[in-house]
Amino acid sequence: MTELEPTSRRSRLVGDLFRREGAKGVAVALLSTAVVLFAIGWLVVHSKNWPAVKDSFFNAQEFRDSFPDIAQKFVRNIEYFLIAEVFIVVFALLLAVVRSLPGAVFFPIRVMAIVYTDVFRGLPLILIIYLLAFGVPSLDLPGVPHSAVFWALVGLVLGYSAYVAEVYRAGILSVHPSQVAAARSLGLSRWQALRFVVIPQAVRRVVPPLLNDFIGLQKDTALVGFVVAVPEAFKEASIIQNSDFNFTPLLAAALLFLIITIPMTRLVDWLLVRQGARRQAGTLL
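Everything in the sequence shown is counted per this note's numbering, starting at 9 for the first residue and increasing by one.
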């Protein structure tokens, strides 16, 4: 016990030192950030055109008048996000699984999946929405929906599925082949090994990057209103801005998006830290 006590004391001292240095570093970072922000704010407020900018972008009365209508329309953005997210999660996982199938017999569908991801990752999302929202209804095909909003959401699903599929595929490839070999040795078929062994591990590993993509999806729901002129939050803010000749409603819409996206961003950070701690614990074991 006497030999272990000095070591334990040294460990506590080292831990205290790191905590003190960490707290000092945080304090310095906060102070420097506050100084920089104060300097930028001072320059902006004392600029020659600040009164005009303040009235055009930070009009309190305009904000109070426009915010309720914009917040009411923001519900549509949330609806678009939730609808598109469900289909993206399923369709992207299917694409990732198809691209991961081994064997020559699956070569044609692997090529189709590769072409799909290359094409839709290479096209701007707004262009995909434009082409589908106005192109498909104009064909007047029997039995096909003619709603521009429907096809705009399809454009969101197709565009984001290409990105999310690559995230899933990275997770699938990160699972060591020995996991599949062990599952096969226990009598599982290739499909069962994929379903019960590979995919659950892959999905757990890619949750943080998936959430990053869904943060982008939440913001890009504004493209639906922009393209097809449906009054969601951004479009409603644009309508009010054009009628009142004031840009404050756009800041009100921006605030609503920040209220949603910032907590999601912090959740991603927390999941990354938690995932790193688990991996480190597994390495130590």
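C-beta atoms are modelled at their ideal positions from N, C-alpha and C, and glycine is treated no differently. As the structure is a prediction and not an experimental result, all values here were calculated from the model.
Would you decide whether residue i is buried or exposed? Buried here means 16 or more other CB atoms lie within 10 Å of its CB.
i	result
A6	No answer is possible for residue 6: the residues shown for the chain start at 9 and end at 293.
R84	buried
A285	exposed
E240	buried
L39	exposed
S193	exposed
F204	exposed
G233	buried
G224	exposed
E93	buried
A47	exposed
W58	exposed
E87	exposed
T179	Before going on, a small fix: residue 179 reads as Gly here, not Thr. It is buried - the Cβ of G179 has at least 16 other Cβ atoms within 10 Å.
R282	exposed
Q226	buried
T125	buried
Alpha carbons only, please: which of the options is nearest the one belonging to residue i?
i	options	result
L258	T269, F242, I267, M272	F242
D3	A170, A112, A191, V113	Residue 3 lies beyond the range of the chain shown here (9 to 293); nothing can be said about it.
A121	I86, F89, L102	L102
R177	H54, L202, I134	L202
V183	F99, A173, R212	R212
N67	L219, I180, V276, F253	F253
A262	V127, F82, A35	F82
L139	D277, V235, F89	V235
F142	W159, F115, P150	W159
E70	T273, L266, N250, L275	N250
V105	V175, T269, I247	V175
If you run the structure through DSSP and keep just helix, strand and coil, what is residue i?
i	result
E240	coil
V206	helix
E13	Summary for E13: the model assigns pLDDT 49, below 50, so the residue's position carries little reliability, and this model does not support an answer.
F114	helix
V157	helix
V106	helix
V215	helix
T229	coil
G284	helix
P150	coil
L166	helix
N250	helix
F255	coil
P132	coil
D277	helix
Could you tell me how far apart the beta carbons of residue i and residue j are, in whole angstroms, since I believe they sit closer than 8 Å?
i	j	result
P216	L279	5 Å
V144	V152	7 Å
L164	D228	7 Å
T256	S55	That pair is no contact at about 18 Å.
V172	A79	Wrong, their Cβ atoms sit about 29 Å apart, outside the cutoff.
L231	I96	Not confirmed; about 15 Å, so no contact.
Is any heavy atom in the ligand COA found nearer than 6 Å to the beta carbon of residue i?
i	result
P76	Of ligands this structure carries none, so the ligand COA is not represented either.
Beta strand (DSSP E) runs contained entirely in the stretch 23-93, provided each spans 3 or more residues: Counting whole runs of 3 or more residues, the stretch 23-93 contains no beta strand (DSSP E) stretch at all.
What residue ranges within the stretch 170-197 form continuous alpha helix (DSSP H) runs of no fewer than 4 residues, ordered along the chain? Whole alpha helix (DSSP H) segments, 4+ residues: 185-193.
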